[in-house]
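Okay, structure first, notes after.
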Amino acid sequence: MARAGFSVDIYNPLGILMAASTRNQFRIHAGYHYLRSPKTIREVLDSRKSFISEYIEAVIGGLQYYYVMPKSGSRILLSEYIEIMGSFGLPLRDTRPDWMGFSFIESCWEVEEELYSVSFLRKILEDKLSQEKVTFHQKIFDQSKEENNYEHITYATELLRKRQS
1 MARAGFSVDI
11 YNPLGILMAA
21 STRNQFRIHA
31 GYHYLRSPKT
41 IREVLDSRKS
51 FISEYIEAVI
61 GGLQYYYVMP
71 KSGSRILLSE
81 YIEIMGSFGL
91 PLRDTRPDWM
101 GFSFIESCWE
111 VEEELYSVSF
121 LRKILEDKLS
131 QEKVTFHQKI
141 FDQSKEENNY
151 EHITYATELL
161 RKRQS
């Protein structure tokens, strides 16, 4: 939030949520991926709850997701996975979809996770920035021309540049 007497400008040449946010699965993870790190599962569950609460208008539910355990090659035992998921209250519903080949799959579970609509989320964020009087500039910040316009400058990320050989 911009404080009274302060102005905030954000510079991003790609636009809001136009980089990695538009190139992933858009899944709001519940912790099923992070079975070897209980700390990460807890953090994911906490942030998931917060994200869904804050951006409910962008959340898409009612979809089917599957997690599988291979018959061999896993770094964790089937019983350990089931125990870890249970300890965090993450339900695993056994299923065997007809379209899935089970020659190498030990177990398959249907789980509850949601997606977010990146276009709805972008609109929500644009509205929030506008309400807070944050000015968004869809361009590269040119330090040589603009740094004297600001008392403080924070770089949250930096564009990757090709190295000169």
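Take the sequence shown: its position 71, counted from the start at 1, is 71 in the working numbering, and no numbers get skipped.
Ideal Cβ positions, reconstructed from N, Cα and C, are used throughout, including at glycine.
VAL44 is bridged by DSSP to nothing; it lacks a bridge partner.
Between VAL111 and ALA30 a beta carbon distance of about 7 angstroms is seen, short of the 8 angstroms cut, so the two are scored as contacting.
Residue pairing for HIS29: DSSP places it in no beta bridge. CA-to-CA, the gap between GLU146 and TYR32 works out to about 45 angstroms. By DSSP's assignment, MET69 forms a beta bridge with SER107. Per DSSP, the beta bridge partners of HIS137 are TYR11. Under the three-state reduction of DSSP output, ARG93 falls in the strand class. Here PRO13 really is in contact with LYS139; their C-beta atoms are around 5 angstroms apart, less than 8 angstroms. The three-state reading of DSSP puts TYR116 in strand, counting E and B together. The count of Cβ pairs closer than 8 angstroms, one atom from the segment 99-111 and one from the segment 65-73, reaches three, so the stretches are in contact. Burial check for TYR116: the Cβ neighbour count within 10 Å reaches 16 or more, so the residue is buried.
Buried is the label assigned to LEU90, since at least 16 other Cβ atoms lie within 10 Å of its Cβ.
Its Cα nearest to that of ARG27, the residue ALA58 stands out among ALA58, SER87, ILE105.
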